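Participant: Got a structure for you, questions after.
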Amino acid sequence: MSGACFALKFLDTILHGQSSWMARDGAHALSVDDPATGALIASLAITTKAQICAKIDQVSIAQALWAEMTASARQNILRKWHDLAQKHEGELAALLTLEQGKPLSEAKAEISSSLKNILWSAGLCERKNGYEEKSHINGALNEVHYEPVGVVAAITPWNFPSAMITRKVAPALAAGCGVILKPAEDTPLSAIALAKLAYDAGIPRGLFALVITNREGAAEFSDVVFSDKRVRMVSFTGSTAIGKTLIASSAQNVTKLSLELGGNAPFIICADADLDKAVEGAFASKFRNAGQTCICANRIYVHADIYDVFMERFVARVRAAKIGNGFEDGVEIGPLINERAQQNVQNFIKKLDSEGAQKIYAAQPGLTWSFLPPMVYACAEDCSATQQEIFGPIACVYKFDSYEDVVQKANETDYGLAAYIYAKDSKLSTGLAKALQFGMVGINETRISDASIPFGGVKQSGIGREGGYDSLKNFMVTKFICKA
Ligand code: NAD
Numbered sequence: 246m247s248g249a250c251f252a253l254k255f256l257d258t259i260l261h262g263q264s265s266w267m268a269r270d271g272a273h274a275l276s277v278d279d280p281a282t283g284a285l286i287a288s289l290a291i292t293t294k295a296q297i298c299a300k301i302d303q304v305s306i307a308q309a310l311w312a313e314m315t316a317s318a319r320q321n322i323l324r325k326w327h328d329l330a331q332k333h334e335g336e337l338a339a340l341l342t343l344e345q346g347k348p349l350s351e352a353k354a355e356i357s358s359s360l361k362n363i364l365w366s367a368g369l370c371e372r373k374n375g376y377e378e379k380s381h382i383n384g385a386l387n388e389v390h391y392e393p394v395g396v397v398a399a400i401t402p403w404n405f406p407s408a409m410i411t412r413k414v415a416p417a418l419a420a421g422c423g424v425i426l427k428p429a430e431d432t433p434l435s436a437i438a439l440a441k442l443a444y445d446a447g448i449p450r451g452l453f454a455l456v457i458t459n460r461e462g463a464a465e466f467s468d469v470v471f472s473d474k475r476v477r478m479v480s481f482t483g484s485t486a487i488g489k490t491l492i493a494s495s496a497q498n499v500t501k502l503s504l505e506l507g508g509n510a511p512f513i514i515c516a517d518a519d520l521d522k523a524v525e526g527a528f529a530s531k532f533r534n535a536g537q538t539c540i541c542a543n544r545i546y547v548h549a550d551i552y553d554v555f556m557e558r559f560v561a562r563v564r565a566a567k568i569g570n571g572f573e574d575g576v577e578i579g580p581l582i583n584e585r586a587q588q589n590v591q592n593f594i595k596k597l598d599s600e601g602a603q604k605i606y607a608a609q610p611g612l613t614w615s616f617l618p619p620m621v622y623a624c625a626e627d628c629s630a631t632q633q634e635i636f637g638p639i640a641c642v643y644k645f646d647s648y649e650d651v652v653q654k655a656n657e658t659d660y661g662l663a664a665y666i667y668a669k670d671s672k673l674s675t676g677l678a679k680a681l682q683f684g685m686v687g688i689n690e691t692r693i694s695d696a697s698i699p700f701g702g703v704k705q706s707g708i709g710r711e712g713g714y715d716s717l718k719n720f721m722v723t724k725f726i727c728k729a
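Below, the structure is given as structure tokens:
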């Protein structure tokens with residue numbers, strides 16, 4: 246059975262008996278397409294405004310009951326969710342590739358990190374929620390409690406349709422919150438599958454509600470959640486532009502925000518770097534998910550002493566990469582998500598060309614609009630194009646002479662999510678890492694996302710952290726009680 250058929254069969258079982266997800270008429274439907282072929286995968290019913298309000302009612306009621314349960318009862322249910330998702334690991338990965346386009350190997354890695362997000366959150370359920378200590382008042386006792394924030398609205402992007410959901414929903418539920426989730430319009434099927442498995446595991450339907458919308462409906466969803474005082478927190482992953490609109494909307498009811506926004510990662514290759522590792526790291530970081538991740542290398546800075554040899558080897562590595570449908574064996578670069586994404590990257594290429602960046606390599610054009618050929622550009626110091634997040638398979642390489650200058654250049658951005666350094670001298674790499682104004686720095690390593698680490702950025706890359714030991718605290722509020 247082909248990968249696509251395998252995924253469709255799974256989707257069929259997920260949607261079986263869940264007819265409310267399916268569109269009844271064309272007028273209020275969301276079409277989900279395979280980005281690799283353009284084929285229609287599913288036509289889903291769009292959640293109406295009245296239904297969104299009803300779902301908030303349900304989440305609000307269910308959350309109060311859920312928060313009363315013992316932490317170990319919540320933990321058991323989350324573990325069941327993990328186990329069920331693990332049982333369907335292969336199917337979830339295939340569905341992810343079908344609706345998102347990334348190579349199946351990357352989809353499998355994403356599902357495995359999604360499973361860890363659930364298990365990690367379950368594991369933190371029973372960590373001591375608060376502490377007591379001698380009071381500042383004689384004879385009294387001070388208590389600090391951490392309580393669930395309440396109803397959380399989660400908005401997730403299409404580039405990690407499973408990991409971004411589990412990284413929000415699992416810790417929120419573990420903390421005792423209820424969640425109303427709006428997945429990205431391009432990739433709602435992974436969300437439906439995860440929700441169905443959660444319900445099968447015993448997570449109440451009312452507690453974890455799903456809203457399906459198109460792009461216009463996304464704005465309506467945020468209007469509804471920010472105007473409802475019962476929604477106490479919005480957790481968002483997406484672009485900085487939309488993040489800023491959410492910050493403005495949150496003023497209405499002073500809604501708590503957690504924001505994971507865009508990035509503009511510098512990838513610094515020092516003169517003493519292990520070139521094999523640097524070439525492989527730059528390739529993996531730049532071309533993962535066809536360049537559509539917020540921690541992708543956006544500006545590759547190479548020391549002048551090794552620039553020529555790096556460029557030669559890097560271009561050879563890009564040339565060797567297989568481009569195509571994510572289900573094909575050996576494919577490393579899949580399609581872009583949609584025509585809007587394609588247009589954005591084409592505009593970026595025009596800007597690079599107009600600024601005189603030198604095209605060093607471009608693969609053969611793809612068969613359809615969705616397969617943008619990977620390219621490598623040599624950029625001059627004053628090239629402004631890369632102030633923008635590329636979000637496509639275009640590598641921009643800069644030459645540098647001084648470490649002081651490269652740190653200054655790397656920091657000259659409004660973003661501050663991820664940065665990378667390749668160097669053998671650990672004193673040099675540690676010094677650079679400390680000087681870089683980014684939330685996360687990988688030294689000789691590009692895999693910097695995991696349930697166990699605090700993921701997030703500084704500056705306009707976001708507010709707050711997801712994952713790590715404090716992942717449940719993100720969804721809690723602190724209460725102080727003084728007992729005299
Ligand atoms: P996007 O901001 O356009 O969309 C993200 C989500 O927001 C989607 O669910 C979309 O439907 C929703 N949305 C759109 N308009 C909205 C509105 N007015 N109100 C509320 N929600 C709205 O981003 P995208 O194109 O889906 O994803 C790419 C961007 O996300 C990139 O900039 C990338 O860097 C960023 N991103 C960041 C992280 C991170 O962890 N920091 C992870 C993945 C993606």
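Heads up: the sequence shown begins at 246 in the numbering used here, then just goes up one per residue.
The beta-carbon is built from N, C-alpha and C at its ideal position, and this holds for glycine as well.
These numbers come from a predicted model, not from an experiment.
With a 10 Å radius around its C-beta and 16 neighbouring C-beta atoms as the bar for buried, classify D695 as buried or exposed.
Facilitator: Exposed, because fewer than 16 other Cβ atoms sit within 10 Å of the Cβ of D695.
Participant: Please determine, among V470, F559 and E711, the residue with the shortest C-alpha to C-alpha distance to Q296.
Facilitator: Measuring from the Cα of Q296, the nearest candidate turns out to be V470.
Participant: Who are the near neighbours of A287 in its chain, counting only those whose CB is closer than 6 Å to its CB and skipping five residues on each side?
Facilitator: The residues are V277.
Participant: Whose C-alpha, out of A307, V563, C539 and Y606, is nearest the C-alpha of G451?
Facilitator: Selected option, being the one with the closest Cα: A307.
Participant: Between F572 and T342, how many whole angstroms is the CB-CB distance? I'm expecting something under 8 Å.
Facilitator: Yes, they are in contact, since the Cβ atoms of F572 and T342 sit about 6 Å apart, within 8 Å.
Participant: Could you check whether the Cβ of T208 sits closer than 7 Å to any heavy atom belonging to the ligand NAD?
Facilitator: Residue 208 cannot be examined here, being either before or after the span of the chain that is shown, 246 to 729.
Participant: Give the secondary structure of K474 by DSSP, where H, G and I count as helix, E and B as strand, and everything else as coil.
Facilitator: Coil at K474, not helix or strand.
Participant: State the DSSP-derived secondary structure class of G707, mapped to helix, strand or coil.
Facilitator: DSSP places G707 in strand when its eight states are reduced to three.
Participant: Kindly list the residues whose CB is nearer than 6 Å to the CB of V576, restricted to its own chain and excluding five residues on each side of it in sequence; keep chain order.
Facilitator: Answer for V576: P348, K567 and G569, listed in chain order.
Participant: In the DSSP output, what is K567 paired with across the bridge?
Facilitator: According to DSSP, which records beta bridges pairwise, K567 is partnered with V576.
Participant: Hey, how far is the Cα of N387 from the Cα of S697?
Facilitator: Their backbone Cα atoms lie some 31 Å apart in a straight line.
Participant: From the DSSP output, in three-state form, read off L504 for me.
Facilitator: It is a strand residue.
Participant: Could you tell me which residues DSSP pairs with E388 in its beta bridges?
Facilitator: Bridge partners of E388: E377 and I726.
Participant: Measuring straight from C-alpha to C-alpha, what distance separates F466 and F405?
Facilitator: Each residue's alpha carbon lies about 20 Å from the other.
Participant: On a CA-only basis, which of E584, A565 and G637 is nearest F593? Give me that one, please.
Facilitator: Selected option, being the one with the closest Cα: G637.
Participant: Are there three or more Cβ pairs, one per stretch, closer than 8 Å when the segment 449 to 464 is compared with the segment 368 to 385?
Facilitator: The segment 449 to 464, when compared against the segment 368 to 385, does not touch it at the 8 Å Cβ threshold.
Participant: Beta-carbon separation of Y665 and A529 under 8 Å?
Facilitator: No. Outside cutoff.
Participant: Are G483 and L506 close, meaning C-beta to C-beta below 8 Å?
Facilitator: Going by C-beta atoms, G483 is nearer than 8 Å to L506.
Participant: In chain order, which continuous runs of the beta strand (DSSP E) of length 3 or greater are located wholly inside the segment 484 to 555?
Facilitator: You should have 501 to 505, 510 to 514 and 542 to 548.
Participant: Taking the C-alpha atoms as reference points, what is the distance between S503 and F481?
Facilitator: Their backbone Cα atoms lie some 6 Å apart in a straight line.
Participant: Would you be able to state if there are at least three C-beta pairs under 8 Å between the segment 260 to 269 and the segment 319 to 327?
Facilitator: No: the two stretches stay apart, fewer than three of their Cβ pairs being nearer than 8 Å.
Participant: Within a Cβ cutoff of 7 Å, which residues of the same chain sit near A680, ignoring the five residues on either side of it in sequence?
Facilitator: Contacts found: V652.
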